[in-house]
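See structure below.
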Ligand SMILES: [Zn+2]
């Protein structure tokens, strides 16, 4: 998966603060929901993102636009495998990485810095194979 650096473990000290702030019952429900969503979406990316969808690049992964919308771009898994260090996962017209506008906003507010060039290097990774639809 991409953006591993930005991701957190399902249960961390910061999430335990959630339990303290919300109270034990609601906090535990929020924590459990967060952990379950994290695990399900991770499984979806690594399962469906290697099984269903379309390929633009010659690698094992696939792109699923709908999955990309709910996983902040990670559903564009074929693109991620083509260029794993890129903070921007959308490579072609019609693909949308919801995390990219957020990253750009944080950069504009000087709260974040993009260490690699998001668009640099894609020319070496432009669609190498005809768009291929994959299903089991
Ligand atoms: Zn993968």
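Residue numbers (our numbering): 1427 to 1562.
Glycine included, C-beta positions come from ideal geometry on N, C-alpha and C.
Computed from a predicted model, the values in this text were never measured in an experiment.
#1: Given residue 1485, which residues of its chain have a CB within under 8 Å of its CB, disregarding the five upstream and five downstream residues?
#2: With a threshold of 6 Å, establish whether the CB of residue 1487 neighbours any heavy atom of ligand 3.
#3: Among residues of its own chain, excluding the 5 on either side of residue 1566, which ones have a beta-carbon nearer than 8 Å to its beta-carbon?
#4: Can you tell me which of 1521, 1512, 1511 puts its alpha carbon nearest to the alpha carbon of residue 1491?
#5: In whole angstroms, what is the alpha-carbon distance linking residue 1427 and residue 1443?
#6: The alpha helix (DSSP H) spanning residue 1458 covers which residue range?
#7: May I ask you to list the residues that DSSP assigns as paired with residue 1489?
#8: Express the C-alpha separation of residue 1459 and residue 1469 in angstroms, rounding to a whole number.
#9: Leaving out five residues before and five after residue 1525 in sequence, what residues of the same chain have Cβ atoms less than 6 Å from its Cβ?
#10: So what does residue 1540 bridge to, in DSSP terms?
#11: Would you mind giving the Cβ-Cβ distance between residue 1513 and residue 1529, rounded to the nearest angstrom? I have them listed as a contact below 8 Å.
#12: Looking at the strands, I want to know which residues DSSP matches up with residue 1443.
On the basis of the supplied data:
#1: 1504, 1507, 1508
#2: With respect to ligand 3, the structure offers nothing, as its ligand set consists of ligand 1.
#3: Since the first residue of the chain shown is 1427 and the last is 1562, residue 1566 is not available in this structure.
#4: 1521
#5: Any reading at residue 1427 is ruled out, since the residue's pLDDT is 44, under 50, leaving its predicted position unreliable.
#6: 1450-1473
#7: 1480, 1502
#8: 15 Å
#9: 1498, 1499
#10: None; residue 1540 has no bridge partner.
#11: 6 Å
#12: Per DSSP, none; premise fails for residue 1443.
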